[in-house]
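First residue of the sequence shown? That's 3 in full-length UniProt numbering, and the numbers climb one at a time after it.
Beta carbons: idealized from backbone N, C-alpha and C, even for Gly.
Keep in mind it's a predicted model, so treat the numbers as computed, not measured.
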Amino acid sequence: PTAPVLTIDGPSGSGKGTISRIVAQRLGWRYLDSGALYRAVGVAAGWADLDLDDAGALVRCTFDTVVGFREGESGDLRVLVNGHDATDELRTETAGAAASAIAAIPEVRAALKDRQRAFRQLPGLVADGRDMGTVIFPDAGHKVFLTASADERAERRYKQLKDKGVSVTLDGLLREILARDARDASRAVAPLRPADDAVRIDTTGLGIDGVVALVLDVVSGPR
Ligand code: C5P
Numbered sequence: 003p004t005a006p007v008l009t010i011d012g013p014s015g016s017g018k019g020t021i022s023r024i025v026a027q028r029l030g031w032r033y034l035d036s037g038a039l040y041r042a043v044g045v046a047a048g049w050a051d052l053d054l055d056d057a058g059a060l061v062r063c064t065f066d067t068v069v070g071f072r073e074g075e076s077g078d079l080r081v082l083v084n085g086h087d088a089t090d091e092l093r094t095e096t097a098g099a100a101a102s103a104i105a106a107i108p109e110v111r112a113a114l115k116d117r118q119r120a121f122r123q124l125p126g127l128v129a130d131g132r133d134m135g136t137v138i139f140p141d142a143g144h145k146v147f148l149t150a151s152a153d154e155r156a157e158r159r160y161k162q163l164k165d166k167g168v169s170v171t172l173d174g175l176l177r178e179i180l181a182r183d184a185r186d187a188s189r190a191v192a193p194l195r196p197a198d199d200a201v202r203i204d205t206t207g208l209g210i211d212g213v214v215a216l217v218l219d220v221v222s223g224p225r
């Protein structure tokens, strides 16, 4: 039998990552952080000092970059890039911006397609990203599209980064988020948009528990 899939797509800061991890845990399903794959290529490209305008080099870099996921000591998700734990570097805005530039290259997206589909295993998969419901798992049985106002998303990111001791300004973050949204939504390949059959959830003003409950309702169907 093919494993069930719940896709959770949405813009940066919509809470996808947090919500997806919790929902996967509740369901006992695997979790795919597809953004981490694009970020990993961005970080590897940085290590190799590649030019973000050199599409050919970035495509080769995608094929050469080995990404591994494993559970850390505190139950958190660690991401290994070519064997190095790059979890913290992956979360930086630099890595996010590089990922977003790289993600606009069709050959890069194609190269990562099968790697993402390989995560579909029993008992099920929660897949988090931008095109999970539209391109990677169009036949998923459950699809969610999370949104939140840009202001709220910037604030969430600000808190996350501040907790980690990263110094950023709210204003700078808001500008970066809006720029990344525009690039992700306007690119020719797999632009950010809800699948026609996705359930849209606006998380502005909602707490994590509230959103988790709404998403679990999508999986269990109307009661
Ligand atoms: O979700 P996250 O912020 O980690 O994603 C980083 C970048 O990777 C996004 O801005 C987007 O450009 C790209 N991405 C994508 N498709 C996905 C996941 C991420 O294009 N499925």
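Can you tell me where the beta strand (DSSP E) holding Glu-91 begins and where it ends? First-last for Glu-91: 89-92, but that is the alpha helix (DSSP H), not the beta strand (DSSP E).
Grouping DSSP H, G and I as helix and E and B as strand, with all else coil, what is Ala-129? Strand, per DSSP.
What are the start and end residues of the beta strand (DSSP E) that includes Glu-75? That residue, Glu-75, is in no beta strand (DSSP E); it is neither H nor E in DSSP.
Specify, as a first and last residue, the run of the alpha helix (DSSP H) that Ile-138 falls within. Careful: Ile-138 lies outside any alpha helix (DSSP H) and carries neither H nor E.
Relative to the C-alpha of Gly-85, which residue among Gly-12, Ala-101, Arg-189, Arg-72 is closest? Arg-72
Counterpart residues of Tyr-33 in DSSP-defined beta bridges: Val-128
Based on the DSSP secondary-structure assignment, which residues constitute the bridge partners of Val-81? Phe-71
Just to confirm before moving on: does the CB-CB distance between Leu-194 and Gly-126 stay below 8 Å? no
List the DSSP bridge partners of Arg-202. Phe-147
Going along the chain, which residues of its own chain have a beta-carbon closer than 8 Å to the beta-carbon of Arg-119, five neighbours each way excluded? Ile-138, Phe-139
So is the beta-carbon of Asp-133 under 7 Å away from any non-hydrogen atom of the ligand ADP? Ligands displayed in this structure: the ligand C5P; the ligand ADP is not among them.
Pick from Val-170, Val-61, Gly-74, Glu-157 that is closest to Ala-47, judged by C-alpha positions: Val-61
Three-way DSSP call (helix, strand, coil) for Ile-107 in this model: coil
Compare the C-alpha of Glu-178 against each of Thr-4, Pro-3, Pro-13 and name the closest. Looking at the Cα atoms, Pro-13 is the closest of the given residues.
Does Tyr-33 come within less than 8 Å of chain B when only Cβ atoms are used? The structure shown contains no chain B; it holds only a single protein chain.
Taking a contact to mean a Cβ-Cβ separation below 8 Å, would you say Thr-5 touches Arg-93 in this structure? It is Ala, not Thr, that sits at residue 5 in the sequence shown. Their beta carbons are not under 8 Å apart, which means Ala-5 does not touch Arg-93 by this criterion.
Tell me the residue span of the beta strand (DSSP E) that contains Leu-163. Here Leu-163 belongs to no beta strand (DSSP E); instead the alpha helix (DSSP H) covers 152-165.
Three-state secondary structure (DSSP) at Leu-194? Three-state result, Leu-194: coil.
Proximity test, Gly-98 beta-carbon vs the ligand C5P heavy atom, cut-off 7 Å: Yes, since a heavy atom of the ligand C5P falls inside the 7 Å radius drawn around the Cβ of Gly-98.
Taking 7 Å as the line, does the beta carbon of Gly-70 fall inside it for any heavy atom of the ligand C5P? no
Count the C-beta pairs between the stretch 103-113 and the stretch 148-167 that are closer than 8 Å, then say yes if the count reaches three, no if not. no
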